[in-house]
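Enquirer:
Protein chains in written order, with this note's numbering: chain A, 59 to 425; chain B, 419 to 716; chain C, 17 to 252.
As structure tokens, then:
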């Protein structure tokens, strides 16, 4: 199939070979160095990065449900907020150690995700989207409804002294933004590894089967109900923990300001910009949805960003449904290609990049 | 007795509102097989448009017509330009594009007409005295207007789908687009027509419903309505206009009765209740009360 | 007289070209059969002719060339496709299915007459006029699909694998009906089939498709009667 080439074709690297491993290690080292460099930036930048990385984590959570399992959720702002308020309430009213609150936050969000995923047993895409919409809309209202617990519309404030870096980190109060930054970067790293492992495993195959061909998946014994429910729970838990750290960083919560439907739309936009069903897409997406509005703030306040996000969503679906990560992957394939091992050697590999949730129509032809 | 009737009328009024928007959702589903996820925002946009015109002293009746026409155009164009090219990719892609439209419309409302809440003038006499007394309870003209609208739209939809050639073509298109095309049905035009009519219904509903409460024309107005209307449409079975109306009325009455007689629940918890209600119904009877069960052949 | 003329038809899905230049004709009142293995491109050919997918090459009916990808035009020119898998309107009743077939016709009286006729030809359908079509058996749906297509009074009927998934007795009756219609109304037919034996019985000419190209064509009788040719191409 090779025609006369004027440049060398892509470098082929066998998966799991020594060359592949070295590339992976090099990549991780590079990212680590990048992270360390970032921690030397000034407090303001660190604060920005912290929030951007938290968004990235939240999007990674959303990716599990929407990207890999095909269930559109417009209610993930509620999980983010739920995690944030859980931490906020436990620290402010009950003096918990902030880091320990991550556990109940994760559990509560997981349970809520299961509950929301429950309808997924019986209902298809659009209906689930409506249910999640209800969740996203209901959350700020519920927060306002119980001011005794949540501070209602006035908001919830946590004493800064409770959120300072603990002694064992060795970070001084003056440098506390480094602490928050490392919290968010660390969480993101853990979540990315978790998601990557999950999506490349058998469970990941089940997720994608559920997404692509529901009836066929069911016929093959993939337990649809469980898959959808559990994935939704996990997805909510991840986003919730990101919310927890958000609370630790911000120290002051107001549902009407931070945890409304708009945030859900922002998260979905980030997911699409970065690349649905990709491992690193959420990172690009998180950075994009934080920094793009920041750079365009001069144009107009508030509503303009919502408008821009809406337009971006539409345009991307038409022009670049695979997102930036998908584009990068496609282009980089011209230069470097990781080849799967021949069958019969080790676990089955799953190609994470080539089929996106967005584009099915090539699968539908018949002779 | 008077208290009960007052609440009942309130409930039926609210219910009629949900039913009105639900009818729009059912319309598009019955005619095309998809749901217009951005329906609420289209209705809000056209209502703002109508309101904007009333501030320029255009009579409300004219604004209503303009809103309906604008709604029709908005729906038809959205179908042709946004939905049709994307549909063949996947449901998720379609939903995302509609979510984008949702966002664009909502943001545009704020940018064009401002972020504050406005009061929408009514088509009918709308003062505190504009009511009819029934067994001592008050029945406001504006509310009667909404009921009439719902009844009229329902009657037209029923006749359209069951008695006309166009209606048959629409139902065929919604059921199996390819076979419809093979029969010579102009599928593209039918789809645009379905979305257009549905958006027009939504527009009319918006203009008639918003005046019922002063100061209620706001950016977030449509969210709870959309949820309730979707619940009503789903309860009734997405392809049953009658079901949507009945379900909408039931929802409205139930909501008011519960908050009237069980004061502990009220206000903001209503959304949570609707949410739980949707989930419960979908679990127990996915095709709703009156819908037809879908048989899926692999 | 040639009714359908297809010249150098090329079509495919996405990047993949499935048909590499197919040419065929169907004369007025003729029954032509297209045979070939799975994946040969038979369904694609019919879909391209009916305008469901885009194509290159020319397709003309009665001398008028059709635009690619516009099913309405093909129907207006007198063509009707009975799709693979029947394409039943599962949520509509049997009667409504038939009425949809006649949707382009203005003459109410003769539509009613046609309904009567097909109910007579397909008694199973007349017993179920108000039944939801999705609940019919495979064979009944096939009958319904054929009747629906004929409601538009086409001059050319395209049938995509009418025998697919049906019991042998039912298949036989389907082909009997097709023969009857061809005899009585003079409707030309282009039938795609895997069941070669029954199809060859009905047809006057045959095209054999392989990997998107016509590899052989001729009188059905010749193919049926020549042992070597038949064994080579059809394996029996």
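Backbone N, C-alpha and C fix where the C-beta goes; we use that ideal spot for every residue, glycine too. Computed from a predicted structure; not experimentally measured.
Roughly how many angstroms lie between the CA atoms of residue 266 of chain A and residue 78 of chain A, to the nearest whole one?
Expert: Residue 266 of chain A and residue 78 of chain A: Cα-Cα distance of roughly 25 Å.
Enquirer: Thinking C-alpha only, which one of B/602, B/616, B/649 and B/617 is nearest residue 90 of chain C?
Expert: B/602
Enquirer: Kindly indicate if chain C contains any beta-carbon less than 8 Å away from that of residue 601 of chain B.
Expert: Closer than 8 Å: yes.
Enquirer: Starting from the Cα of residue 640 of chain B, find the closest Cα among B/651, B/655 and B/620 and give me that residue.
Expert: Taking only the C-alpha atoms, the option nearest residue 640 of chain B is B/620.
Enquirer: Please check if any C-beta of chain A sits within less than 8 Å of the C-beta of residue 515 of chain B.
Expert: yes
Enquirer: Interface residues of chain B around residue 244 of chain A at Cβ under 8 Å?
Expert: In chain B, no part has a C-beta under 8 Å from the C-beta of residue 244 of chain A; the shortest such distance is about 31 Å.
Enquirer: By Cβ distance, which residues of its chain are closer than 6 Å to residue 190 of chain A, with the 5 residues on each side in sequence left out?
Expert: Counting only Cβ-Cβ distances below 6 Å, and skipping sequence neighbours, we find 131, 132 and 133.
Enquirer: List the residues of chain B that residue 323 of chain A touches, going by C-beta distances under 7 Å, in chain order.
Expert: 517 and 521, listed in chain order.
Enquirer: How big is the Cα-Cα spacing for residue 423 of chain B and residue 383 of chain A?
Expert: 60 Å
Enquirer: Under a CB-based cut-off of 8 Å, is residue 590 of chain B close to chain C?
Expert: yes
Enquirer: What residues are listed by DSSP as bridge partners for residue 286 of chain A?
Expert: None; residue 286 of chain A has no bridge partner.
Enquirer: Give the single residue among C/176, C/80 and C/202 whose Cα lies nearest to the Cα of residue 210 of chain C.
Expert: C/176
Enquirer: Which residues, in order along the segment 367-399 of chain A, keep a beta-carbon less than 9 Å from a beta-carbon of chain B?
Expert: 367, 368, 369, 370, 371, 372, 373, 374, 375, 376 and 379
Enquirer: Per DSSP, what are the beta-bridge partners of residue 176 of chain C in this structure?
Expert: C/208
Enquirer: Among C/155, C/148 and C/237, which residue has its Cα nearest to the Cα of residue 138 of chain C?
Expert: C/155
Enquirer: Counting beta carbon pairs with one atom in the segment 97-110 of chain A and one in the segment 230-248 of chain A, are three or more of them shorter than 8 Å?
Expert: yes
Enquirer: Take residue 102 of chain C as the anchor and find which of C/226, C/22, C/174 and C/39 has the nearest alpha-carbon.
Expert: C/174
Enquirer: Hey, is residue 140 of chain C's beta-carbon within less than 8 Å of any beta-carbon in chain B?
Expert: Cβ-Cβ to chain B under 8 Å: no for residue 140 of chain C.
Enquirer: Are any of the Cβ atoms in chain A nearer than 8 Å to that of residue 597 of chain B?
Expert: no
Enquirer: Could you spell out where the beta strand (DSSP E) holding residue 235 of chain C opens and where it closes?
Expert: 229-235
Enquirer: Give me the subset of the segment 523-541 of chain B whose CB atoms are less than 9 Å from a CB atom of chain A, sorted by chain position.
Expert: 523, 524, 525, 526, 527, 528, 529 and 533
Enquirer: Rounded to the nearest angstrom, what separates residue 157 of chain A and residue 296 of chain A at their Cα positions?
Expert: 15 Å
Enquirer: Can residue 4 of chain A and residue 389 of chain A be called in contact, C-beta distance under 8 Å?
Expert: Nothing in the structure corresponds to residue 4 of chain A, since chain A is present only between 59 and 425.
Enquirer: Under the three-state reduction of DSSP, which class applies to residue 76 of chain C: helix, strand or coil?
Expert: strand
Enquirer: For the segment 496-560 of chain B, which segments carrying the beta strand (DSSP E) assignment without a break, of at least 3 residues, lie completely within its bounds, in sequence order?
Expert: 549-552 and 555-558
Enquirer: Going by alpha carbons, who is nearest to residue 350 of chain A out of A/372, A/399 and A/327?
Expert: Distances from the alpha-carbon of residue 350 of chain A to those of A/372, A/399 and A/327 put A/327 closest.
Enquirer: Using a C-beta to C-beta distance shorter than 8 Å, which residues of chain F count as neighbours of residue 594 of chain B?
Expert: Here chain F cannot be found, since the structure's protein chains are A, B and C.
Enquirer: Would you kindly report the start and end of the unbroken beta strand (DSSP E) that includes residue 21 of chain C?
Expert: 18-29
Enquirer: Nearest to residue 516 of chain B by CA position, among B/529, B/497 and B/526, is which residue?
Expert: Nearest option by C-alpha distance: B/497.
Enquirer: To the nearest whole angstrom, what separates the beta carbons of residue 221 of chain C and residue 46 of chain C, a pair I think is in contact under 8 Å?
Expert: 7 Å
Enquirer: Taking three-plus beta-carbon pairs below 8 Å as touching, is the segment 331-347 of chain A in contact with the segment 367-380 of chain A?
Expert: yes
Enquirer: Which one of A/85, A/125 and A/83 has the shortest CA to CA distance from residue 269 of chain A?
Expert: A/125
Enquirer: Helix, strand or coil for residue 85 of chain C per DSSP?
Expert: coil
Enquirer: In the structure shown, what three-state DSSP assignment does residue 121 of chain C receive?
Expert: coil
Enquirer: Give me the residue from A/195, A/128, A/300 and A/329 with the minimum Cα distance to residue 164 of chain A.
Expert: A/300
Enquirer: Kindly indicate if chain C contains any beta-carbon less than 8 Å away from that of residue 642 of chain B.
Expert: Chain C, which has no Cβ nearer than 8 Å to the Cβ of residue 642 of chain B, makes this no.
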